[in-house]
Amino acid sequence: MQALDKAEIGERLKRYRLEKKLTLKEIEALSGVSATHISEIERGKSSPTVGALTRIAEAMGSEAAFFVEAEELPQVSQLSAGSRRRYRFMEPPVAIESLSGSVPHSRMSVMLMTWEKGAVSTGEVNRHEGEEFILVRKGILEVYVEEGRHILKEGDSLHYHASSPHRIENIGDAACEALVVTVPSFKI
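18 is the number of the first residue of the sequence shown in the working numbering; add one for each residue after it.
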């Protein structure tokens with residue numbers, strides 16, 4: 018397999034970042050690699066270290082190999098349970114485990130999300146482009162969409178336009194786990 022040169026790596030990185038609608042600052046926040054360095058890589062002015070490229074790729078939901086191999090990633094991605102990435106944020110925590118792999122140009126994200134008791138998806142009402150689908154696997158979620166309040170128990174689902182103001186909270190006595198699908202893909 019032929020490797021790409023630094024200009025081609027940079028072009029591929031920039032194209033993919035723009036397809037994901039991520040800014041340099043967003044990638045910096047997610048990866049810990051400075052926006053200046055990412056910009057230099059994208060312009061072919063700097064060669065990334067393996068560590069930096071791996072962190073940048075993970076921040077965009079991809080694999081470092083996608084940016085350095087001459088061949089595109091396969092059109093099918095299988096993830097074993099032990100290989101999935103898990104992110105935690107907020108307090109009490111919300112954990113996100115990505116279930117969708119690195120299929121090039123995918124517009125969909127599938128996640129297993131866990132809200133600890135009392136956890137809220139965001140501190141404020143959220144709204145963004147696209148659609149969201151939630152299927153509660155265990156526990157109870159309270160989901161506000163527009164002015165409507167929806168209580169979701171085990172096995173219940175909800176589908177809505179994410180451009181509507183929405184907020185998700187675990188109102189149960191234990192952790193709540195749900196399958197969440199977003200289109201376009203969610204930026205972790």
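Ideal Cβ placement from N, Cα and C applies to all residues, glycine included.
- By DSSP's assignment, M130 forms a beta bridge with I113 and A195.
- Under DSSP, Y161 forms a beta bridge with R166 and R184.
- Across the structure, R105 and L39 are spaced so that their CA atoms are roughly 20 angstroms apart.
- When C-alpha distances from R29 are compared across L47, S79 and A52, the shortest belongs to S79.
- The DSSP-derived three-state label of S79 is coil.
- From the listed residues C193, E57, Y177 and A191, the smallest Cα separation to E164 is found for Y177.
- For E36, the enclosing alpha helix (DSSP H) covers residues K23 to E36.
- Secondary structure of L152 (DSSP, three-state): strand.
- Non-local C-beta neighbours of L175 in its own chain, meaning closer than 7 angstroms and more than five positions away in sequence, comprise I151, V160, H167 and L169, ordered along the chain.
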